[in-house]
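S.K.: Residue numbers (this note's numbering): 131 to 552.
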């Protein structure tokens with residue numbers, strides 16, 4: 131257990147969410163309550179890059195009111211990044227630089243708020259800090275709209291995206307249904323989800339009765355069958371007058387080729403996907419001749435704080451709070467988790483998982499959550515997801531618009547002469 135009072139480092143990583151700042155709020159507010167162990171919380175400007183370049187933000191300069199307002203503000207208040215540290219064997223210099231910066235600023239706690247790659251980074255830092263004789267308490271904080279982290283029942287960020295997607299396809303469905311007689315008959319909505327179809331599945335919550343949108347969901351876990359898909363589209367149009375489709379960006383053929391493979395890779399080495407909605411929509415037009423419209427939810431789905439799930443906001447804050455409590459209690463190289471209780475009404479509590487068991491492991495949709503034909507969700511999936519989108523947590527409004535906070539983000543004075551190139 132860290133006895134000496136030390137500073138803490140907090141960073142946001144990867145794609146942001148509408149509630150990641152709620153986790154930041156939980157970290158900072160809780161750290162301020164543990165002055166015996168934690169002096170100041172420094173945030174990394176643009177995630178882990180802020181640590182490597184010694185570009186730190188002093189959160190103690192922010193007012194209590196502004197930190198509290200983070201709970202209602204979307205995106206990453208301190209800046210995030212898509213920057214994956216290589217293995218220690220490949221680039222030990224990066225890890226040594228982190229320790230060097232942490233030493234210079236008396237940082238003894240490292241809180242990394244992100245997905246699987248981030249948990250891997252936190253785990254590696256905890257290992258290296260021990261071997262270098264400068265032990266750092268490393269705690270991961272779960273965050274990903276993709277809901278694909280293992281062990282935790284669900285991930286903060288997912289519930290709000292799920293709510294947005296379900297609401298959006300329901301409202302779009304009403305629109306298309308009203309126009310279908312003489313205009314658009316097929317609507318395709320693309321959502322995030324490279325390998326796991328959790329977000330696409332959430333669209334299925336909108337379909338409560340036969341004929342409700344969406345009529346078809348395309349998952350990454352189910353190999354795309356063009357003939358089968360087109361037959362179902364045609365049946366839906368003839369039976370209901372229109373067809374609404376939710377497709378995951380990671381929808382792929384049997385051989386693993388993405389429907390929307392753009393032929394490039396992103397900063398993490400993942401295939402860059404070029405937009406599956408227009409691909410699917412054009413396929414329908416070419417084969418069936420139906421007029422179509424398509425939309426890509428893109429950043430809108432993860433930035434929509436105005437329609438965030440109350441459950442999601444509460445859990446995001448709780449994960450930040452729990453991370454600090456785990457750290458000051460002497461835990462290391464762990465991540466707080468959400469544990470669903472086996473009760474009739476939805477209840478949850480906080481658990482913990484070793485970072486070594488979380489890092490680089492993706493949790494896919496269970497097959498029993500997907501309908502037999504592979505194009506919709508089952509009741510088991512509905513039962514799992516429904517509580518996660520419940521409740522509204524509206525931000526304050528002024529002049530008809532939500533009011534979000536922009537922090538001062540005052541820089542901490544640099545102490546190292548040596549610069550580090552990214």
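Cβ atoms here follow ideal geometry from the backbone N, Cα and C, with glycine treated the same way.
Got a sec, what are the start and stop residues for the alpha helix (DSSP H) residue 441 sits in?
M.R.: 440-458
S.K.: To the nearest angstrom, how far is the alpha carbon of residue 394 from that of residue 388?
M.R.: Only weak support exists for where residue 394 lies, its pLDDT of 48 falling under 50; the value from the coordinates is given anyway. The alpha-carbon atoms of residue 394 and residue 388 are separated by roughly 12 Å.
S.K.: Helix, strand or coil, according to DSSP, for residue 243 in the structure here?
M.R.: strand
S.K.: Relative to the C-alpha of residue 165, which residue among 178, 141 and 134 is closest?
M.R.: Distance check between residue 165 and each of 178, 141 and 134 places 134 closest, using alpha-carbon atoms only.
S.K.: How is the beta strand (DSSP E) around residue 560 delimited, first residue to last?
M.R.: Any answer about residue 560 is impossible in this case: the structure gives the chain only from 131 up to 552.
S.K.: Could you spell out the range, first to last residue, of the beta strand (DSSP E) harbouring residue 509?
M.R.: That residue, residue 509, is in no beta strand (DSSP E); its alpha helix (DSSP H) goes 509-515.
S.K.: Could you check whether the region 285-297 touches the region 326-343, counting it as contact only if at least three pairs of C-beta atoms, one from each stretch, sit closer than 8 Å?
M.R.: yes
S.K.: Would you identify the three-state DSSP class for residue 464, choosing helix, strand or coil?
M.R.: Note: residue 464 maps to strand in three-state DSSP.
S.K.: Quick one: give me the first and last residue of the alpha helix (DSSP H) that residue 319 is part of.
M.R.: First-last for residue 319: 316-321, but that is the beta strand (DSSP E), not the alpha helix (DSSP H).
S.K.: Any idea what DSSP makes of residue 257, helix, strand or coil?
M.R.: Collapsing the DSSP output to three states places residue 257 in a helix.
S.K.: Closest by CA to residue 528, which one among 507, 478, 546 and 436?
M.R.: 436
S.K.: Could you name the residues of the same chain whose beta carbon sits closer than 8 Å to that of residue 520, not counting the 5 residues immediately before and after it, in chain order?
M.R.: 439, 440, 441 and 476
S.K.: Considering only DSSP beta bridges, list what residue 139 is partnered with.
M.R.: 172 and 240
S.K.: With DSSP as the reference, label residue 266 as helix, strand or coil.
M.R.: coil
S.K.: Under 6 Å Cβ to Cβ from residue 115, same chain only, skipping five residues before and after it: list those, please.
M.R.: Nothing about residue 115 can be reported from this structure: the residues present for the chain run from 131 to 552 only.
S.K.: Residue 341 by DSSP, collapsed to three states: which one?
M.R.: coil
S.K.: Where does residue 394 fall in DSSP's three states?
M.R.: Summary for residue 394: the model assigns pLDDT 48, below 50, so the residue's position carries little reliability; its value from the coordinates is reported in the next sentence. If DSSP states are grouped into helix, strand and coil, residue 394 belongs with the strands.
S.K.: Taking three-plus beta-carbon pairs below 8 Å as touching, is the region 258-274 in contact with the region 423-431?
M.R.: Not touching, per the Cβ criterion.
S.K.: Where does residue 350 land, buried or exposed, given buried means 16+ other C-beta within 10 angstroms?
M.R.: By the neighbour-count rule (16 or more Cβ atoms within 10 Å), residue 350 is buried.
S.K.: Just the C-alpha distance for residue 417 and residue 411, rounded to the nearest angstrom, thanks.
M.R.: 10 Å
S.K.: How would you call residue 148, buried or exposed, if buried means at least 16 neighbouring beta carbons within 10 angstroms?
M.R.: buried
S.K.: Let me check understanding here. Comparing Cα to Cα, which of 227, 352, 341 and 313 lies closest to residue 327?
M.R.: 352
S.K.: Tell me whether residue 139 is buried or exposed, calling it buried when 16 or more other Cβ atoms sit within 10 Å of its Cβ.
M.R.: buried
S.K.: Residue 388 bridges to which residues according to DSSP?
M.R.: 382
S.K.: What runs of the beta strand (DSSP E), each 3 residues or longer, lie entirely inside the region 475-529?
M.R.: 478-484
S.K.: Can you tell me which of the three DSSP states residue 547 falls into?
M.R.: coil
S.K.: Along the beta strand (DSSP E) that carries residue 186, what are the first and last residues, could you check?
M.R.: In this chain, the beta strand (DSSP E) harbouring residue 186 covers 186-188.
S.K.: Of the choices 217, 170, 445 and 235, whose alpha-carbon is the least far from that of residue 253?
M.R.: 217
S.K.: Out of 364, 381, 213 and 498, state which residue places its alpha-carbon closest to the alpha-carbon of residue 419.
M.R.: 364
S.K.: Relative to the C-alpha of residue 255, which residue among 391, 230 and 384 is closest?
M.R.: 230
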